[in-house]
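Numbering (this note's numbering), first residue to last: 1396 to 1583. Note that the Cβ used here is the ideal one computed from N, Cα and C, for glycine as well.
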């Protein structure tokens, strides 16, 4: 049985729930709803699991706050004995237009502190990542306010269709692998 760790990045707490920086949590919530599973708080995060076509998906929303996500990722990879190539990090990206999907097998942290911490804790930048574009519609020097700001009305209405697509990306990653999933979804 193949097992996959899917990590949605975000910040815990009510004030962050609908922020752009929490798209990783939001995408995992969409997938959990689709498979009718509930998250439970365990060590270093909220966890749920489901099986689909002979695969086990372990969904993790770290409760370590975004900038310390690596500790939770490393802990759950080790605990569940999941290889790095079967671990997918789901995060926001300012350098991609809103709603656009981009998967990569490796890369820099791009200034994203959550990815930076994961890279430090894993000792490599070679791990699958799923970046969901949040756009860069902010004034110079207002990046933090933008990512920690709530979705606007137009973005919220578009998320209704983008979230199910994002959930499909994750199941595709588990079923057909990163390369085929990239070919199918990148830029969509």
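Between the stretch 1515–1531 and the stretch 1478–1492 there are three or more C-beta pairs closer than 8 Å, enough to call the two in contact. Using a 10 angstroms sphere on the CB of residue 1503, the tally of other CB atoms stays under 16, which defines it as exposed. Residue 1497 holds the alpha-carbon nearest to the alpha-carbon of residue 1578 among 1497, 1519, 1508, 1505. Each residue's CA atom was taken as its position, placing residue 1551 and residue 1396 some 37 Å apart. A distance below 8 Å separates the beta carbons of residue 1487 and residue 1415.
Contact check for residue 1516 against residue 1438 fails: the beta carbons are separated by 8 Å or more. Residue 1401 sits away from residue 1561, with the two beta carbons spaced by 8 Å or more.
At a Cβ-Cβ threshold of 8 Å, residue 1473 and residue 1458 do not count as neighbours. For residue 1457, the enclosing beta strand (DSSP E) starts and ends at 1450–1457.
Excluding the 5 residues flanking it on each side, residue 1475 has same chain C-beta neighbours closer than 7 Å at 1398, 1400, 1453, in chain order. Taking residue 1445 as the centre and dropping the five residues before and after it, the same chain places the C-beta of 1430, 1432, 1452 closer than 6 Å to its C-beta, in chain order. If you ignore the 5 residues before and after residue 1541, its C-beta comes within less than 6 Å of the C-beta of 1533, all in its own chain and listed in chain order. Residues of the same chain with a CB within less than 7 Å of the CB of residue 1544, apart from the 5 flanking positions on each side, are 1414, 1415 in chain order. One alpha carbon belongs to residue 1547, the other to residue 1555, and they sit about 13 Å apart. For the pair residue 1464 and residue 1509, the CB atoms are nearer than the 8 Å cut-off.
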